[in-house]
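Note sheet for the following structure.
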Amino acid sequence: MDIGGGRVDGWEALASKYRKIRILGSGLNGSVYLAEHKTLGVYRAIKIVPKLNNHLFEEFRKEAQILKNLHHPGIPIIYDLEESKEAMYLVEEYMQGENLYSRVHEIGVMPYQELVTFALALCRPMDYLHKQSIFHLDIQPGNLIIKDGQVSIIDFDHSQKQDNNIAYADGYGTRGYAAPEQYTGGALDARTDIYSMAAIVYYAGIGRYPSNDQDKMPESWGKLREILRICLSTEKNERYASVEQLKNELLALECKNPSQRIAFISSAQGVGTTWIALGFVAFLLHKKRSAIYEERNSSLHMTTLQEKLEIRTDGCGYFRYKNIPIRPWYRENVELERHSAQFVIEDYGVDVDRAIYELPDVLICVCRHCIWHMEEALLAMKKLARKKYILICNLGGEKMEMEEKNCLYFPFDENIFLEGGEKERIYERILQLLEKE
């Protein structure tokens with residue numbers, strides 16, 4: 004590998020223990036490789052820094068010393084420290100997942116509720132770090148790994164341990180994410196990282212780092228806008244004093260935004276309920292609302308989709324298809340934590356009685372389009388008559404839409420992910436009814 008103008012390939016020092024798989028990243032400070040332990044068969048991230056630059060070499064030693072005493076699921080474990088004539092090698096836990104930059108670039112910005120959940124997940128390892136008197140000082144999208152709702156922090160090159168309650172800037176910071184005091188040579192503390200954390204949340208929700216246009220934050224973020232503005236103050240004394248204080252503000256925010264449960268039901272088999280429900284989730288995500296889909300019937304359609312595409316589930320049993328978080332049907336005695344979302348779309352299929360019994364906030368009934376099946380549709384509607392909020396998404400035609408309250412005609416649809424047209428108008432109408440409730 005080429006580092007600092009010289010070529011250093013000191014893998015021989017590790018070859019007896021590790022099999023090199025691929026490079027994970029490289030820069031002025033060295034390179035990081037993904038490797039497999041030959042005996043244990045586990046993955047490790049191995050950082051290699053040449054001895055060509057004494058300053059970098061000492062920074063590397065400092066990073067190892069800081070990490071060796073940390074024990075948190077969001078911070079990599081140090082397993083070994085090796086040295087050769089050419090380089091030094093830091094063997095640490097490989098944090099699986101994708102970095103925040105890749106997530107935003109490939110999937111898009113996070114909708115509101117997911118953004119709040121992400122911010123809280125970021126607070127956990129950062130709060131732990133600060134309670135160990137350690138400042139990271141380089142919180143940026145490439146240094147955050149996301150997997151199963153957990154945020155892990157990597158790359159402690161520029162982290163500092165508090166010394167007599169004071170740490171000083173070394174003039175380093177990732178532009179757009181570093182606090183102003185990191186460039187002025189002033190004293191640093193927890194509020195320095197808090198600035199970077201807010202810049203990260205801004206990036207996750209907007210798609211770029213904050214500048215002088217913080218008013219670009221949408222009004223729908225409500226209290227979150229105020230929280231981020233406090234964190235992003237150029238005056239350190241105006242920010243929250245600790246990550247714990249920031250976390251408490253975010254927790255209060257999360258509690259004020261409970262999920263709305265929307266149950267989709269069918270008047271009969273094969274009327275397209277799952278198709279319309281998935282399309283509605285895709286629409287909500289496009290409209291920057293957080294939403295998840297849960298299969299609440301035993302058809303196993305989502306399990307089949309997952310197995311066919313060989314998609315892995317996360318710790319809560321969800322997988323992603325076309326950016327839609329989907330939880331397939333599990334046995335009723337399986338208890339799993341639910342992802343936080345503004346809208347939870349529950350697909351009950353033809354199990355109308357169970358849907359009503361489980362008391363969702365809104366019921367959406369999908370009916371057949373043929374006139375001779377209207378009896379089934381009317382029977383389903385009568386079952387819903389005692390429900391306070393009834394929304395019927397109808398395949399029966401324009402005439403029925405005019406005759407029944409909250410009854411909408413849904414057009415023929417070949418692609419649930421295709422935006423625009425009459426379908427989007429219907430979804431807009433449904434969203435208006437939901438947010439009115």
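Residues 4 to 440, numbered by this note's numbering, are exactly what the sequence shown covers, in order.
Ideal placement from N, C-alpha and C gives every residue a C-beta, glycine not left out.
### Task
Report back the beta-carbon spacing between residue 162 and residue 139 to the nearest angstrom; my notes put them in contact at under 8 Å.
Within the sequence shown, numbered from 1, the residue matching residue 162 stands at position 159. Within the sequence shown, numbered from 1, the residue matching residue 139 stands at position 136. With a Cβ gap of about 5 Å, residue 162 and residue 139 count as contacting.
### Task
Would you mind sorting residue 45 into buried or exposed? The rule is 16 or more other CB atoms within 10 Å of its CB.
For the purposes of this step, residue 45 is identified with residue 42 of the sequence shown, where counting begins at 1. The residue in question, residue 45, is exposed, as its Cβ has fewer than 16 Cβ neighbours within 10 Å.
### Query
Nearest to residue 194 by CA position, among 232, 182, 188, is which residue?
Within the sequence shown, numbered from 1, the residue matching residue 194 stands at position 191. Checked all of 232, 182, 188; the closest Cα to residue 194 is 182.
### Message
Quick check: residue 49 and residue 159, are their CB atoms within less than 8 Å of each other?
### Response
Here residue 49 refers to the residue found at position 46 of the sequence shown. Here residue 159 refers to the residue found at position 156 of the sequence shown. Against a cut-off of 8 Å, the Cβ pair of residue 159 and residue 49 comes out as no contact.
### Message
Shorter than 7 Å, the distance from the beta carbon of residue 228 to the closest heavy atom of the ligand SAH, or not?
### Response
Of ligands this structure carries none, so the ligand SAH is not represented either.
### Message
What does the Cβ neighbour count give for residue 342, buried or exposed, with the cut at 16 atoms within 10 Å?
### Response
One-based indexing of the sequence shown puts residue 342 at position 339. Buried, because 16 or more other Cβ atoms sit within 10 Å of the Cβ of residue 342.
### Task
Identify every residue that forms a DSSP beta bridge with residue 48.
The sequence position of residue 48 within the sequence shown is 45, counting from 1. DSSP output for residue 48 lists 37, 95 as bridge partner(s).
### Query
In terms of DSSP beta bridges, what is residue 455 paired with?
Given that the chain is displayed from residue 4 to residue 440, the structure contains no residue 455 and the question cannot be resolved.
### Task
May I ask you to report which of helix, strand or coil DSSP gives residue 210?
Within the sequence shown, residue 210 is the residue found at index 207, counting from 1. In this structure, residue 210 counts as coil in the three-state DSSP scheme.
### Query
Whose C-beta lies closer than 6 Å to the C-beta of residue 262 among residues of the same chain, with five residues either side of it excluded?
Your numbering for residue 262 matches position 259 in the sequence shown. Excluding positions up to five away in sequence, the list reads 344, 347.
### Task
Assess, as a yes-or-no matter, whether the segment 238-248 is touched by the segment 270-281 under the definition of 3 or more beta carbon pairs within less than 8 Å.
no
### Query
Considering only the beta carbon of each residue, do residue 79 and residue 142 sit closer than 8 Å?
By 1-based counting over the sequence shown, the position of residue 79 is 76. By 1-based counting over the sequence shown, the position of residue 142 is 139. For residue 79 and residue 142, no; Cβs fall outside 8 Å.
### Task
Could you say which of 215, 86, 265 lies nearest to residue 51 if we only look at CA atoms?
For this step, residue 51 is matched to residue 48 along the sequence shown. Distances from the alpha-carbon of residue 51 to those of 215, 86, 265 put 86 closest.
### Task
Put residue 478 into one of helix, strand or coil per three-state DSSP.
No answer is possible for residue 478: it lies beyond the span of the chain, which begins at 4 and ends at 440.
#### Entry: Candidates 255, 111, 291, of which the one nearest residue 211 by Cα
Translated into positions along the sequence shown, residue 211 becomes position 208. Comparing Cα positions, the closest option is 111.
### Query
Can you find at least 3 beta carbon pairs, one from the segment 143-157 and one from the segment 100-118, that sit closer than 8 Å?
yes
### Message
Just to confirm my understanding: we take residue 176, look at its own chain, exclude 5 residues before and 5 after, and list those with CB closer than 6 Å. What are they?
### Response
The count along the sequence shown starts at 1 and reaches residue 176 at position 173. Cβ within range, chain order: 185.
### Message
Tell me the DSSP secondary structure of residue 71 in three-state form.
### Response
Walking along the sequence shown from the start, residue 71 turns up at place 68. DSSP places residue 71 in coil when its eight states are reduced to three.
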